[in-house]
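The sequence shown runs 1 to 300 under my numbering. The block underneath contains the structure these notes are about, expressed in structure tokens.
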Amino acid sequence: MARLNVETYHTPVMLRECIEHLAVTQGRVFVDGTLGGGGHTSAMLEQISGDARIFAFDADEKAIEHCQIRFEDELLRGDASRLILVHDNFDTMASHISERGLHLNGVLLDLGVSSFQFDHHHRGFSFRHMAPLDMRFMPEGETAADILNIRTDQELAQIFRDYADETQAWRLAKAIVQRRHLAPFATTADLRDIVIQQIPPQHQPKTMARLFQALRIAVNRELQRLEDTLTSIIPLLAPGGRIVVMSYHSGEDRIVKNIFRSNGPTLTTITKKAVEASPHEVRDNPRARSARLRVAERRA
Ligand SMILES: C[S@@+](CC[C@H](N)C(=O)[O-])C[C@H]1O[C@@H](n2cnc3c(N)ncnc32)[C@H](O)[C@@H]1O
1 MARLNVETYH TPVMLRECIE HLAVTQGRVF VDGTLGGGGH TSAMLEQISG DARIFAFDAD
61 EKAIEHCQIR FEDELLRGDA SRLILVHDNF DTMASHISER GLHLNGVLLD LGVSSFQFDH
121 HHRGFSFRHM APLDMRFMPE GETAADILNI RTDQELAQIF RDYADETQAW RLAKAIVQRR
181 HLAPFATTAD LRDIVIQQIP PQHQPKTMAR LFQALRIAVN RELQRLEDTL TSIIPLLAPG
241 GRIVVMSYHS GEDRIVKNIF RSNGPTLTTI TKKAVEASPH EVRDNPRARS ARLRVAERRA
């Protein structure tokens, strides 16, 4: 893969806040569950102590390839490398860590998609680009087109409602099921056409953004994986170990808040209210606008 400008790949959101909350100068074992362009990992590497390690996961092999180049010097140190890249879903994190007999001092999850994934047109994450309706982070399981072509109208409506709060969910789901009898869904343009036919022009961009978000969440089972991951890593946290999660829509944020709260005997919630990006950051990076940061710490 061609070397990509670091800024072009993805601008990390709330970088300073995440690094401060992870308290990286103190611990020995950290996980970045969502490596992406490596923005947060890079800042962690700059600050960890000499014998500390960062395990960095991404389900998308393009993110791993990008970071193999970005962190080439560190990785060339072999067994002495402070960075271990793992091409896998972050819900496998607990097994990777426990099979090495380790405990976690800090875990970061910066959920969703990177700018690179949005802007690289061939996987259909964005309604703005013509592409196959794929949307999988890893090339396994159902694609977005499969979901549109196979699920019932009730199931589709539920996906649009639950994963994107879409008020026209039922109308859109019925239109999709009617349309697929004529020809199966294959490209982003096929789904755009449905929105253009069903929704007044002034609402079309937001409706498209919601439908694409909902499908991506369904394809990658994002909410289930988030819940499984948080639940499985809590027992692996060292006393004082921290979980830092940045979510980008209400469904994710609710899961984080509820899991922190329901583990009250084990976890202290550090952020009583979700932290938001500063107006200054939002001005420079509009993708920071919807970010909500929550932090919990394992009790001693
Ligand atoms: C918002 S980006 C992270 C950006 C990163 N913090 C940075 O500074 O460049 C989210 C990344 O998480 C990855 N991702 C999303 N869900 C995942 C999962 N279940 N397992 C592993 N990686 C996942 C995506 O492929 C994407 O690269």
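Each residue gets a CB set at the ideal place from its N, CA and C atoms; glycine is no exception.
Relative to the C-alpha of residue i, which candidate in the options has its C-alpha closest?
i      : options                           : result
Val245 : Val29, Gly33, Val24 and Gln26     : Gly33
Gly27  : Ile196, Ala144 and Gln47          : Gln47
Glu252 : His66, Trp170, Gln197 and Asp110  : Asp110
Phe260 : Ala296, Ala80 and Pro239          : Ala296
Thr266 : Ile234, Ala63 and Arg171          : Ile234
Asp190 : Thr231, Gly124 and Ala169         : Gly124
Arg128 : Arg254, Asp119 and Asp134         : Asp119
Gln197 : Ala218, Leu172 and Val177         : Leu172
Gly38  : Ala63, Ala52 and Glu20            : Ala63
Arg151 : His10, Ala218, Tyr9 and Asn89     : Ala218
Glu155 : Leu22, Leu215, Met138 and Ser278  : Leu215
Thr11  : Arg287, His87 and Gly112          : Arg287
Lys206 : Glu166, Met138 and Ala144         : Glu166
Asp88  : Gly101, Arg77 and Val31           : Val31
Val256 : Leu237, Leu230, Arg242 and Thr268 : Leu230
Arg221 : Gln168, Arg100, His21 and Tyr163  : Tyr163
Go ahead and label residue i buried or exposed: buried means 16 or more other beta carbons lie within 10 angstroms of its beta carbon, across all protein chains shown.
i      : result
Gln117 : buried
Arg210 : buried
Met1   : Its pLDDT being 42, under 50, Met1 is placed unreliably by the model, and the measurement read from it follows with that caveat. With fewer than 16 other Cβ atoms within 10 Å, it is exposed.
Arg283 : exposed
Met130 : exposed
Cys18  : buried
Ser333 : This structure leaves residue 333 out entirely; the chain is present only between 1 and 300.
Lys273 : exposed
Gln213 : buried
His122 : exposed
Ile199 : buried
Does the beta carbon of residue i fall short of 7 Å from some heavy atom of ligand 1?
i      : result
Ala59  : yes
Thr34  : yes
Asp153 : no
Asn149 : no
Ser247 : no
Ser114 : yes
Asp134 : no
Phe118 : no
Asp91  : yes
Glu222 : yes
Pro333 : Residue 333 lies beyond the range of the chain shown here (1 to 300); nothing can be said about it.
Gly106 : no
Pro139 : no
Pro286 : no
His21  : no
Arg225 : yes
His40  : yes
Gly37  : yes
Ala63  : yes
Asp110 : yes
Hey, does residue i have any beta-carbon neighbour from chain D nearer than 8 Å?
i     : result
Phe90 : No chain D is part of this structure, which consists of one protein chain only.
According to DSSP, simplified to helix, strand and coil, what is residue i?
i      : result
Thr11  : coil
Ser232 : helix
Ala2   : Because the pLDDT of Ala2 is 44, which lies under 50, any placement of that residue in the model is unreliable, and the question is left without a value.
Pro265 : coil
His66  : helix
Phe57  : strand
Leu22  : helix
Ser114 : coil
Ser250 : helix
Thr207 : helix
Phe71  : coil
Ser125 : According to the sequence as given, residue 125 is Phe; it is not Ser. The answer is coil: DSSP assigns Phe125 none of H, G, I, E or B.
Leu226 : helix
Asn89  : coil
Gly141 : coil
Asp32  : strand
Thr271 : coil
Ala238 : strand
Gly37  : coil
Arg161 : helix
Ala296 : strand
Ile199 : coil
Asn149 : helix
Arg289 : coil
Asn105 : strand
Ile217 : helix
Thr188 : helix
Arg83  : The residue you asked about is not Arg; residue 83 is Leu in the sequence shown. Of the three classes helix, strand and coil, the one that applies to Leu83 here is strand, per DSSP.
Ile259 : helix
Residue i: beta carbon under 7 Å from a heavy atom of ligand 2?
i      : result
Arg294 : Ligands displayed in this structure: ligand 1; ligand 2 is not among them.
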